[in-house]
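Just so we're aligned, residue 136 is where the sequence shown starts under our numbering, counting upward by one.
All C-beta atoms, glycine included, are put in the ideal place defined by N, C-alpha and C.
For clarity, every value in this text was computed on a predicted model and none was experimentally measured.
Presented below is the structure to which this report refers.
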Amino acid sequence: MKLQVLLLFTVITATSAEGAEFLETHLEENGARLTLTRSDGSNFPAPRIEDQDGFSKPAVSANKRYAGWLAMYRNQGTSYPQPILLAVLGPESRLRRFTGDFGMIYGWCFTGDSRSVVYQYQFPHGVSPIGFEMWRLADGKLQRKIQIAPIAPDANEDEVIGGSAPAWTQCAQASSIAE
136 MKLQVLLLFT VITATSAEGA EFLETHLEEN GARLTLTRSD GSNFPAPRIE DQDGFSKPAV
196 SANKRYAGWL AMYRNQGTSY PQPILLAVLG PESRLRRFTG DFGMIYGWCF TGDSRSVVYQ
256 YQFPHGVSPI GFEMWRLADG KLQRKIQIAP IAPDANEDEV IGGSAPAWTQ CAQASSIAE
């Protein structure tokens, strides 16, 4: 009987930890560490991916099922860390990774219904196209994608993007401008 009670307690504890919602994120040590807090009160470090150097722009989805961040990498052809991929941790601790076709990820967001992520990417210097992608979180499927032609050096990039990009990209644009 004691064994059955212990087994039941273990299953309930494991299930509640996996089912706990994300409450908040805490960037520490100038982005070198990211701590995630769940609704059950547990705190744990966000997982690092391969040679990841740090974290940037962490967020929790509106439905609290997902936490995401930009993974920063050094030695990518610059003297400073670059956000090369977007990581999203979801139910049952499933980690999804998203990258652009080229360059760095400048801005990202969860959609209002928390079903997808949207992000903006481009090269950090020079004239290059600007890409936006939307990916569904449940199955990791690409939902939408657009690339805007390179913007002339003398043009206002924010105005050109705002006038050329579809409405579904707006939250990623706002995130890009905010930093």
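Cβ shell of residue i (< 7 angstroms), same chain only, five flanking positions each side left out
{"i": "Gly166", "result": "Gly189, Phe190, Ser191, Met207"}
{"i": "Ala307", "result": "Gly242, Trp243, Cys244, Val253, Tyr254, Gln255, Phe267"}
{"i": "Ile283", "result": "Pro264, Ile265, Ile296, Ser299, Ala300"}
{"i": "Ser310", "result": "Lys192, Gly242, Trp243, Cys244"}
{"i": "Gly238", "result": "Tyr256, Gln257, Phe258, Pro259, Ser263"}
Residue(s) in a DSSP beta bridge with residue i
{"i": "Pro218", "result": "Met207"}
{"i": "Ser251", "result": "Arg271"}
{"i": "Gln282", "result": "Gly266"}
{"i": "Leu224", "result": "Ala202, Leu230"}
{"i": "Phe190", "result": "Ala206"}
{"i": "Glu159", "result": "Thr172"}
Beta-carbon contacts of residue i that lie in its chain and below 8 angstroms, excluding the five residues immediately before and after
{"i": "Val146", "result": "Because the pLDDT at Val146 is just 34, under 50, the model does not fix this residue reliably, and the value given afterwards should be weighed accordingly. For Val146, where only same-chain residues beyond five positions count, there are no Cβ hits under 8 angstroms."}
{"i": "Ala155", "result": "Arg173, Ser174, Asp175, Ser177"}
{"i": "Thr160", "result": "Leu169, Thr170, Leu171, Thr172, Ala181, Pro193, Ala194, Val195, Ala202, Trp204"}
Residue from the options whose Cα sits closest to the Cα of residue i
{"i": "Asp274", "options": "Val262, Ile184, Val252", "result": "Val252"}
{"i": "Gly247", "options": "Arg232, Met269, Thr234", "result": "Met269"}
{"i": "Gly242", "options": "Ser228, Ile265, Ser249", "result": "Ile265"}
{"i": "Ser228", "options": "Leu171, Glu185, Gly238", "result": "Leu171"}
{"i": "Asn210", "options": "Arg279, Gly235, Gln278, Gln187", "result": "Gln187"}
{"i": "Asn198", "options": "Leu220, Glu292, Ile281, Arg250", "result": "Arg250"}
{"i": "Thr304", "options": "Ile286, Arg279, Asp289", "result": "Arg279"}
{"i": "Arg271", "options": "Thr213, Met239, Phe233", "result": "Phe233"}
Residue environment, residue i, which counts as buried when at least 16 other CB atoms sit within 10 Å
{"i": "Pro216", "result": "buried"}
{"i": "Val262", "result": "exposed"}
{"i": "Leu169", "result": "buried"}
{"i": "Ser174", "result": "exposed"}
{"i": "Leu230", "result": "exposed"}
{"i": "Ile184", "result": "exposed"}
{"i": "Leu277", "result": "exposed"}
{"i": "Ala287", "result": "exposed"}
{"i": "Phe157", "result": "buried"}
beta-carbon residue i near the ligand NAD non-hydrogen atom, thresh 7 angstroms
{"i": "Asp186", "result": "With respect to the ligand NAD, the structure shown offers nothing to examine, as it has no ligands at all."}
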